[in-house]
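All residue numbers for the sequence shown refer to the numbering used here, where the first residue is 218 and numbers rise by one. Beta carbons are placed, not taken as given, at the ideal position from N, Cα and C, and that holds for glycine. Bear in mind that the values here come from a model prediction, so they are computed numbers and not experimental data.
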Amino acid sequence: MSQPRVAILGKSRSILTWFDDTLDGFRQQGCEVAAVSFQADTPAERISQKRGEGKELHNPEVVRRSAAELAAFSPDLVLVLNKAGVPEPAAEAWKKAVRPGVPVVGWLCDCINRVPQQQIPAFDGVYYFDSHCIPVLEQFYAAHDRPAWLKYLPLAVNPARYPFRKPAKTVPKLVFAGKCSPHRHKIFAEMRSVGIALDLYGPGSRNWLRPWRNRRLSSETIAELYRAHVAVLNLPQPGNTERGLNLRAFEIPAAGGIGTYPDVPDLPLCFLPGKEIIVYKNAADLAARLADLRADPALAAAIIEAGHARVLRDHTFAKRAETVLADWLR
Numbered sequence: 218m219s220q221p222r223v224a225i226l227g228k229s230r231s232i233l234t235w236f237d238d239t240l241d242g243f244r245q246q247g248c249e250v251a252a253v254s255f256q257a258d259t260p261a262e263r264i265s266q267k268r269g270e271g272k273e274l275h276n277p278e279v280v281r282r283s284a285a286e287l288a289a290f291s292p293d294l295v296l297v298l299n300k301a302g303v304p305e306p307a308a309e310a311w312k313k314a315v316r317p318g319v320p321v322v323g324w325l326c327d328c329i330n331r332v333p334q335q336q337i338p339a340f341d342g343v344y345y346f347d348s349h350c351i352p353v354l355e356q357f358y359a360a361h362d363r364p365a366w367l368k369y370l371p372l373a374v375n376p377a378r379y380p381f382r383k384p385a386k387t388v389p390k391l392v393f394a395g396k397c398s399p400h401r402h403k404i405f406a407e408m409r410s411v412g413i414a415l416d417l418y419g420p421g422s423r424n425w426l427r428p429w430r431n432r433r434l435s436s437e438t439i440a441e442l443y444r445a446h447v448a449v450l451n452l453p454q455p456g457n458t459e460r461g462l463n464l465r466a467f468e469i470p471a472a473g474g475i476g477t478y479p480d481v482p483d484l485p486l487c488f489l490p491g492k493e494i495i496v497y498k499n500a501a502d503l504a505a506r507l508a509d510l511r512a513d514p515a516l517a518a519a520i521i522e523a524g525h526a527r528v529l530r531d532h533t534f535a536k537r538a539e540t541v542l543a544d545w546l547r
């Protein structure tokens, strides 16, 4: 198929750029792409939501509009982001909107412990990014007497958002750039208790002398912080990631930083521990790994180079699009 037509459904107004980067990844693979939001966008959809008729795909107006957009675009493939199933009215409307035989596939970017009761397994296949989801998905599909087509597809990075550069100098500290929640502040305190020097950036960082550090930062600024510190603290959000890797795991090496990550089961599927990423079991273990980096600049440089090369080779959104297209259309 010379120019596949791919419809991508998801939250178009998310803090994360996953939706837009997925679109770009398929465009880079030569696809014609349509973005279909399942958030309330039109006045009729907002009125329906305010009346209590439902949000997102439970909103009948959103279902009608999304089905109409699918019918007008006539896709060869439909990819639904961060859903394991959909409400039955949406499944029926989409089935009527696309041609017979067009695959409708889901790709999870959040870990799930259950699928809402109002949803049915309407997909021909589901990609998961975290192996914690496997039994949940298998049980969900089995409960509806359907075999589950499941495949591991980790998250990725858009290198254009996190361009690689070499910093003029490197601060000999660990840095965290993101939402500094109370849960994470407990981890920060544990890190500091074993002697780890830590810079915090982002909402909730509690830096009263430098208030600009307490704000949301652009991806370009975050990339600069990643590469300007000896390493980057990466803390998976509890509930969103259990055994797999979050987006930051790929963004850090793309920008030229050294990523750290807890020792989780899915990590070796994406990176070589100790060579492309620093893996730690606890705060004391991380302190020892950071001491090794500060004592051996050649080791740090080798991890930066290897991690960056691995991401560009295997973990871009264009590579994820290539996998999906190969699975369903090529």
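Measuring straight from C-alpha to C-alpha, what distance separates A501 and S410? 9 Å
Measure the CB-CB distance between G323 and F340 and report whether it falls below 7 Å. yes
Q336 by DSSP, collapsed to three states: which one? strand
Give the straight-line distance between the Cα atoms of A252 and W311, rounded to the nearest whole angstrom. 15 Å
Taking 8 Å as the threshold, find out whether the stretch 360 to 368 comes into contact with the stretch 384 to 397 through three or more Cβ pairs. no
If you follow the alpha helix (DSSP H) that E459 is in, where does it begin and where does it stop? Secondary structure note for E459: it is in no alpha helix (DSSP H), with a DSSP letter that is neither H nor E.
Alpha carbon of V343 to alpha carbon of C397, nearest angstrom: Computed Cα separation, rounded: 32 Å.
Considering H446, what are the terminal residues of the alpha helix (DSSP H) in which it resides? That residue, H446, is in no alpha helix (DSSP H); its beta strand (DSSP E) goes 446 to 449.
Mind reading off the beta-carbon distance from I439 to I475? Whole number of angstroms is fine, and I expect it under 8 Å. In fact, because the Cβ distance is near 15 Å, the residues do not count as touching under 8 Å.
Name the residue from L484, L503, G269 whose alpha carbon lies nearest to the alpha carbon of P371. Considering only alpha carbons, the answer is L484.
Thinking just about the alpha-carbon of each residue, which of G524, N375, V223 is nearest to the one in K536? Ranking G524, N375, V223 by Cα distance to K536 puts N375 first.
A257, DSSP secondary structure in three states: coil
Strand pairing of F357, partner residues [DSSP]: F357 is not bridged to any residue.
Among residues of its own chain, excluding the 5 on either side of P420, which ones have a beta-carbon nearer than 8 Å to its beta-carbon? K396, C397, N431, R432, R433
So within the stretch 361 to 419, which uninterrupted beta strand (DSSP E) runs reach at least 3 residues, ignoring any that extend past its ends? 367 to 369, 388 to 394, 415 to 418
Rounded to whole angstroms, what is the Cα-Cα separation between W545 and V496? 34 Å
In the DSSP output, which residue or residues are listed as bridge partners for T533? V374
CA nearest to the CA of T477, picked from F243, D531, A394: When each option's Cα is compared against that of T477, the closest is A394.
Give me, in chain order, the residues of the same chain whose beta-carbon lies closer than 6 Å to that of P320; leave out the 5 immediate sequence neighbours on both sides. L294, D341, W545
CB contact flag (I351, L296, <7 Å): No, Cβ-Cβ distance for I351 and L296 is not below 7 Å.
Going by DSSP, what residue range makes up the alpha helix (DSSP H) through P470? 465 to 472
Looking at the unbroken beta strand (DSSP E) that takes in P306, where does it start and where does it end? Premise fails: P306 lies in the alpha helix (DSSP H), 305 to 314, not in any beta strand (DSSP E).
Candidates K492, H525, N424, L503: which alpha carbon is nearest I469's? H525
In terms of alpha-carbon separation, which member of G473, L464, E459 lies closest to D480? E459
For I494, the residue or residues it bridges with in DSSP: P490
Determine the closest residue to L274 out of V303, S265, F290, with distance taken between C-alpha atoms. V303
Note down, in chain order, each residue of its chain lying with its Cβ closer than 7 Å to the Cβ of N276, except the 5 sequence neighbours on either side. Taken in chain order, the residues that qualify are A257, E262, S265, Q266, E270.
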